[in-house]
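Using my numbering, the first residue of the sequence shown is number 79, and each one after it goes up by one. Glycine included, C-beta positions come from ideal geometry on N, C-alpha and C. As structure tokens, the structure follows; a few thoughts come after it.
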Amino acid sequence: MAKIVDGYDFSGKSLLITAKVDGFRRGGCRHSATETLRSVDEFSDEQLGQILAESGQNLIVKVVEVKGMEGGGQPPAVPENALKLVKAAIAELEAAGDKINVANLTAKAGFKVSGALKDQAIAEMAEK
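Have a look at this one:
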């Protein structure tokens, strides 16, 4: 399905996002002062609109096309230590007060985190 915001087709696109101040929040997530690649599919149309509206102010946003990240390509492989990486990402998000969701975990862990993997990590962390 096409992802169209303000008349622009974002299908298959990604964003390179840099916050002018580390930790700046917009579009439902915390942004880093380090340039970060995020798929537009991680955001609702409303969140994407909020992020784009902030471009040039508190965020630097570049729209890019990354082959193999979305659309007909293969997603990055899930590493063998994925559960450990997701647990570490959850701990970091909790410490920062950010939401524990698939989009934030994917951005933090560096690979596509599934809902099942997120739930498994949370369950195992709760057991300890």
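Whole-angstrom C-beta distance between residue j and residue i, which should lie under 8 Å
i           : j           : result
residue 116 : residue 92  : 6 Å
residue 94  : residue 113 : 5 Å
residue 161 : residue 198 : 7 Å
residue 104 : residue 129 : 6 Å
Assigned exposure category for residue i - 16 Cβ within 10 Å defines buried
i           : result
residue 196 : buried
residue 187 : buried
residue 123 : exposed
residue 118 : buried
residue 164 : buried
residue 97  : buried
residue 159 : exposed
residue 167 : buried
residue 99  : exposed
residue 136 : exposed
residue 142 : exposed
residue 204 : exposed
residue 120 : buried
residue 181 : buried
residue 202 : exposed
residue 87  : exposed
residue 194 : exposed
Residue i - partner residues in DSSP beta bridges
i           : result
residue 92  : 117 and 142
residue 97  : 137
residue 102 : 109
* Asked: Is the region 99 to 108 touching the region 171 to 180, taking contact as three or more C-beta pairs under 8 Å?
  -> By the Cβ criterion, the region 99 to 108 is in contact with the region 171 to 180, since at least three pairs of Cβ atoms, one from each stretch, lie closer than 8 Å.
* To do: May I have a chain-ordered list of the beta strand (DSSP E) segments no shorter than 3 residues that lie completely inside the region 170 to 202?
  => Listed in chain order, nothing qualifies, since the region 170 to 202 has no complete beta strand (DSSP E) run of 3 or more residues.
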